[in-house]
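Worksheet: one structure, shown below.
Numbering (my numbering), first residue to last: 571 to 683.
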């Protein structure tokens, strides 16, 4: 896994609900999400985390997002929306930028997004 090869610890979850129940959620430094996920999509998970963990940077990597979804996730404060397949160098740079932000703060939600 690329993230581990860069020296980071990574945890993978099949569903957002599993992630939300993870006892170490408060220790997460960055989150990489897909828009299209079973049961709860990435947009909804981002909204929930925006309320409970506003400093957690989120990077979206997806093959299925529509233009309006990209506007929504970026408007809600995502660090980036990357399209699959993502070149290793782009993911590495985006991850480093998110982690170097030193306490990412989401902007206030934009009405209608």
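Each residue gets a CB set at the ideal place from its N, CA and C atoms; glycine is no exception.
Taking DSSP's pairing of strands, which residues face residue 630 in a bridge?
Here the question's residue 630 lines up with position 60 in the chain shown. Per DSSP, 603 and 651.
DSSP state of residue 663 mapped onto helix, strand, coil
Here the question's residue 663 lines up with position 93 in the chain shown. Three-state DSSP puts residue 663 in a helix.
If you check the beta carbons only, do residue 627 and residue 605 fall under 8 Å apart?
Locating residue 627 in the chain shown gives position 57, counting from the first residue. Locating residue 605 in the chain shown gives position 35, counting from the first residue. Going by C-beta atoms, residue 627 is not nearer than 8 Å to residue 605.
Would you tell me roughly how many angstroms separate the C-alpha atoms of residue 744 and residue 654, rounded to the nearest one?
Nothing can be reported for residue 744, as the shown portion of the chain is limited to 571 through 683.
By the three-class DSSP mapping on this structure, what secondary structure does residue 643 have?
Stepping through the chain shown from its first residue, residue 643 is reached at position 73. Three-state result, residue 643: helix.
Anyone know if the C-beta pair for residue 660 and residue 629 falls short of 8 Å?
Your numbering for residue 660 matches position 90 in the chain shown. Your numbering for residue 629 matches position 59 in the chain shown. Contact: no.
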